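Peer 1: Pasting a structure here, questions to come.
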Amino acid sequence: MHDIALRAAGLQKRFGGLLAVSDVSIDIRVGEIHAVIGPNGAGKSTLINLLAGELLPTSGEVLLNGADITSLSPDRRARAGLGRAYQKTTLFAQFSVHENVRLAAQARSIAPLRMFGGTRSDRPYDQLVTDAIDRVGLSARSQVIADKLSHGEQRQLEIAMVLATNPQVILLDEPLAGMGPSEARGIIGLIASLKADRALLVVEHDMDAVFELADRLTVMQDGRVIATGLPQDVRVDPGVRAAYLGADGGIA
Amino acid sequence: MSMPNLRVRLFGIACLAMAIALPFCVSTYYTQFFAKALIMGMLAMSLNLVVGHGGLVSLCHAAFFGLAGYVLALLSPRYDATSMLTTLPIVILCSGAAALLIGALVLRTRGVYFIMVTLAFGEMLFFFFHDTKFAGGSDGISINIRPEIAIAGRQLLDLDKPVTFYFVVLGFLVGVIALLTIVVRSPFGRALAAARDNERRARSLGFPIFRLRLTAFTLSGALAGVAGYLAAAQFGFVAPQMLGWHQSATILVMVLIGGLRSVTGPLVGALVLIGMEEVLKAHLDNWKLVEGLIIIGIVILLPNGVRQIWPMVFGASPQRAAEIKPAAAEARHA
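Order-wise, the sequence lines are chains A and B.
When we follow the numbering used here, the leftmost residue of the first sequence carries the number 2, and every step to the right adds one.
When we follow the numbering used here, the leftmost residue of the second sequence carries the number 6, and every step to the right adds one.
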């Protein structure tokens with residue numbers, strides 16, 4: 002079976018005396034959206050940073066298509082096919098939408114640091130850039146400076162940049178953070194459309210969105226995985242109900 | 006990036022025409038003066054690849070400039086001229102190699118630590134030449150005979166003539182401007198600017214930040230080597246001061262006066278600073294005080310450097326204006 006694109010096994014991250022992530026194992030499969038939920042401080046963002054390479058684990062390993070990438074730097078992981086979007090919008094604020102996305106495509110091109118020839122000669126990547134901008138619905142705004150976009154548009158741009166790197170695995174950290182309901186609808190539809198030939202991991206607080214999108218669900222608390230499986234199974238897991246949702250809580 | 010419009014091109018051609026006409030209109034003294042100013046402009050432009058486009062404030066740039074001068078001095082026989090065609094490539098290689106070596110160490114630090122570590126390496130080179138005897142120590146070392154441009158013993162250009170030397174400098178200057186313009190607009194240059202604005206994002210997209218910056222740092226050092234070669238050839242003398250931190254800081258001031266966001270801004274900055282010194286020196290005793298006040302005034306009123314006057318006077322494309330404004334905000338917060 003080749004369907005597991007990204008696998009983490011026994012991941013552990015210690016910050017001094019704090020065990021932020023403890024013995025977390027997770028499989029992310031091609032064609033699936035794997036949602037990670039949990040209360041604040043559960044270790045979800047730390048997990049994403051461990052998978053993306055911005056943090057190195059204290060122990061455990063990360064495999065991308067079976068290859069060990071545990072000690073690779075974030076840029077090497079990106080070139081190996083791992084794309085990520087940030088919780089807090091992280092763009093090239095002074096560049097236009099098009100330039101932001103073009104840079105993302107350039108990073109994955111054959112000669113990303115070519116010193117001669119302008120950026121206009123990147124013909125094969127023009128299409129990739131235009132497609133990514135179209136797909137998130139920013140075509141009409143492609144010449145606008147990223148700083149001038151609305152919050153929702155900046156989130157769309159985040160996703161367009163990830164798409165333009167043509168990743169096989171996408172890590173999304175709270176893609177709906179700070180969005181209004183109508184803006185969120187568009188992004189939810191967009192995320193759902195991404196899984197066709199890719200594997201997605203989504204950390205999200207919006208439970209409606211999680212249950213709409215997720216094919217598989219992992220619940221974390223205090224740095225540990227307390228349940229993982231299909232959404233309908235996790236939803237009725239007594240441990241999850243007690244720990245995460247509170248005694249009287251019901252999901253959705 | 007938009008292609009330069011017609012007005013910008015015409016302005017560039019007019020500047021070049023003026024530079025070509027200049028030695029025929031002024032005395033030998035001023036021909037030499039402008040050759041020196043253009044060499045400093047070349048040096049400031051090479052630094053700006055790292056500072057303006059790379060976002061890394063380096064305080065050891067003069068080390069590569071001075072090292073180039075020393076290498077030329079040591080390569081020059083006492084009673085004979087060296088050939089520029091062989092010694093210039095050697096000098097560029099030495100400066101580039103020094104930048105590669107120093108860059109590989111200093112680029113592991115960030116922010117204020119980067120500034121301090123570059124300062125330390127610059128001073129190390131300064132004291133290496135200052136405290137050892139092989140290159141004249143604190144007295145410096147002379148280049149008795151200027152290098153010549155010759156093929157098979159036949160001299161092509163006589164560098165002893167100030168006008169000829171000026172045109173050789175101008176030729177190199179145009180070459181450096183062309184090279185930097187190509188590099189800044191290339192995918193490499195865009196990635197360098199992206200890493201300047203948001204290192205974390207650039208890395209997560211897949212750009213190898215360290216290699217990117219090390220390449221820029223090395224190229225910048227190699228181009229400083231060209232300037233150092235020409236400066237040493239012009240003065241016929243190299244002293245440790247040429248690679249001290251004071252010199253590095255002066256180049257940085259030229260970059261700040263000229264503006265960080267363009268290729269030729271630092272050249273303008275160098276001309277303004279050197280021209281200003283020349284005028285003030287001739288008329289005032291306390292010229293350094295006045296110079297300091299003028300520099301403070303320029304930095305406060307024109308946070309993007311004197312290059313900012315251009316869009317003020319002639320108008321700018323919206324794209325360009327959008328690029329300039331955030332830089333101004335950045336400069337104020339810094």
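All C-beta atoms, glycine included, are put in the ideal place defined by N, C-alpha and C.
All figures in this text were calculated on a predicted structure; none of them were measured in a lab.
For the putative contact between A:ASP7 and A:ALA200, defined by C-beta atoms under 8 Å, what is the C-beta separation to the nearest angstrom?
Peer 2: Position check: residue 7 of chain A holds Leu in this sequence, whereas Asp was assumed. Between A:ALA200 and A:LEU7 the Cβ distance is about 6 Å, and since that is below 8 Å, they are a contact.
Peer 1: Would you say A:GLY187 reaches chain B, if we count a Cβ-Cβ gap shorter than 8 Å as a contact?
Peer 2: no
Peer 1: Taking Cβ-Cβ distances shorter than 7 Å, what residues in chain C pair up with B:LEU217?
Peer 2: Note that chain C does not occur in the displayed structure, where the protein chains are A and B.
Peer 1: Could you tell me how far apart the beta carbons of A:HIS99 and A:VAL130 are, in whole angstroms, since I believe they sit closer than 8 Å?
Peer 2: 7 Å
Peer 1: Can you give the beta carbon distance from B:VAL277 to B:ILE262, rounded, assuming they're within the 8 Å contact cut?
Peer 2: About 6 Å separates the beta carbons of B:VAL277 and B:ILE262, which is inside the 8 Å limit, making them a contact pair.
Peer 1: Which of the three DSSP states, helix, strand or coil, is assigned to B:ASP163?
Peer 2: Coil.
Peer 1: What are the boundary residues of the beta strand (DSSP E) that A:ALA244 is part of?
Peer 2: Per DSSP, A:ALA244 belongs to no beta strand (DSSP E); it is in the alpha helix (DSSP H), 239-244.
Peer 1: When you compare the CB positions of B:PRO192 and A:THR59, do they come within less than 8 Å of one another, or not?
Peer 2: no
Peer 1: When you compare each of B:SER32, B:GLY176, B:ALA67 and B:VAL13 to B:VAL258 by their alpha carbons, which one comes out closest?
Peer 2: Ranked by how close their Cα comes to the Cα of B:VAL258, the residues B:SER32, B:GLY176, B:ALA67 and B:VAL13 have B:ALA67 in first place.
Peer 1: Given a cut-off of 8 Å, decide if A:ALA79 and A:ALA108 are closer than it, judged by their beta-carbon atoms.
Peer 2: Yes, these two residues count as a Cβ contact at 8 Å.
Peer 1: Ordered along the chain, which non-local residues of its own chain (more than five positions away) have a Cβ less than 7 Å from that of A:GLU256?
Peer 2: Residue 256 of chain A is absent from the structure shown; chain A starts at 2 and stops at 253.
Peer 1: Between the C-alpha atoms of A:ILE192 and A:PHE96, what's the straight-line distance to the nearest angstrom?
Peer 2: 25 Å
Peer 1: Between B:PHE222 and chain A, is any beta-carbon pair separated by less than 8 Å?
Peer 2: No, B:PHE222 lies away from the interface with chain A (no Cβ there is under 8 Å from its Cβ).
Peer 1: In terms of alpha-carbon separation, which member of B:PRO245, B:GLY241 and B:VAL188 lies closest to B:LEU217?
Peer 2: B:VAL188
Peer 1: Alpha carbon to alpha carbon, what distance is there between A:VAL241 and B:LEU307?
Peer 2: 60 Å
Peer 1: Going along the stretch 187-212 of chain B in order, which residues come within less than 7 Å of chain A, judged by CB to CB distance?
Peer 2: ILE187, VAL188, ARG190, SER191, PRO192, PHE193, ARG195, ALA196, ALA199, ASP202, ASN203, ARG205, ARG206, ARG208, SER209, LEU210, GLY211 and PHE212
Peer 1: Whose CA, out of B:LEU228, B:THR223 and B:PHE16, lies closest to the CA of B:MET45?
Peer 2: B:LEU228
Peer 1: Given a cut-off of 8 Å, decide if B:PHE69 and B:ALA104 are closer than it, judged by their beta-carbon atoms.
Peer 2: yes
Peer 1: With a threshold of 8 Å between beta carbons, is A:ASP249 in contact with chain B?
Peer 2: Residue confidence for A:ASP249 is low, a pLDDT of 49 falling below 50, so the modelled location carries little weight; the figure read from the coordinates is stated next. Judged by the 8 Å Cβ criterion, A:ASP249 is not in contact with chain B.
Peer 1: So, under 8 Å CB-CB, A:ALA21 and A:GLY44 are touching, yes? Tell me the CB distance rounded to an integer number of Å.
Peer 2: Correct: roughly 5 Å between the Cβ atoms.
Peer 1: Kindly say whether A:GLN157, judged by its beta-carbon, lies nearer than 8 Å to any beta-carbon of chain B.
Peer 2: no
Peer 1: Does the Cβ of B:MET23 have 16 or more other Cβ atoms within 10 Å, making it buried, or fewer, making it exposed?
Peer 2: exposed
Peer 1: Below 8 Å between beta carbons: does that hold for B:GLY57 and B:LEU219?
Peer 2: no
Peer 1: Give me the DSSP bridge partner(s) of A:SER60.
Peer 2: A:GLN13
Peer 1: Go ahead and pull the three-state DSSP assignment for B:MET5.
Peer 2: Here chain B comprises residues numbered 6 to 339, so residue 5 of chain B is not present and cannot be evaluated.
Peer 1: Would you tell me roughly how many angstroms separate the C-alpha atoms of A:GLN128 and A:VAL145, rounded to the nearest one?
Peer 2: 19 Å
Peer 1: Between B:THR36 and B:PRO167, which are expected to be in contact by the criterion C-beta below 8 Å, what is the C-beta distance as a whole number of angstroms?
Peer 2: Rounded, the Cβ-Cβ distance is 5 Å, consistent with contact.
Peer 1: Run through DSSP, which three-state label would B:LEU79 get?
Peer 2: helix
Peer 1: Going by the DSSP bridge assignment, what does B:GLU153 pair with across the sheet?
Peer 2: For B:GLU153, the beta-bridge partners assigned by DSSP are B:SER88.
Peer 1: Answer with yes or no whether the minimum CB distance from A:PRO75 to chain B is below 8 Å.
Peer 2: yes
Peer 1: For B:ILE107, go through chain A and note every residue whose CB falls closer than 8 Å to its CB, in chain order.
Peer 2: Near B:ILE107 there are no residues of chain A at all, since even the closest Cβ is about 21 Å away, more than 8 Å.
Peer 1: Give me the DSSP bridge partner(s) of A:MET221.
Peer 2: A:VAL226
Peer 1: How would you label B:SER143, buried or exposed, when you count the other beta carbons within 10 angstroms and need 16 or more for buried?
Peer 2: exposed
Peer 1: May I have the straight-line CA-CA distance separating B:HIS338 from B:ALA221, to the nearest angstrom?
Peer 2: Any reading at B:HIS338 is ruled out, since the residue's pLDDT is 45, under 50, leaving its predicted position unreliable.
Peer 1: Does the beta carbon of A:ALA133 come closer than 8 Å to any beta carbon on chain B?
Peer 2: no
Peer 1: Could you list which residues in chain A have their beta carbon closer than 8 Å to that of B:ILE214, in chain order?
Peer 2: ASP76
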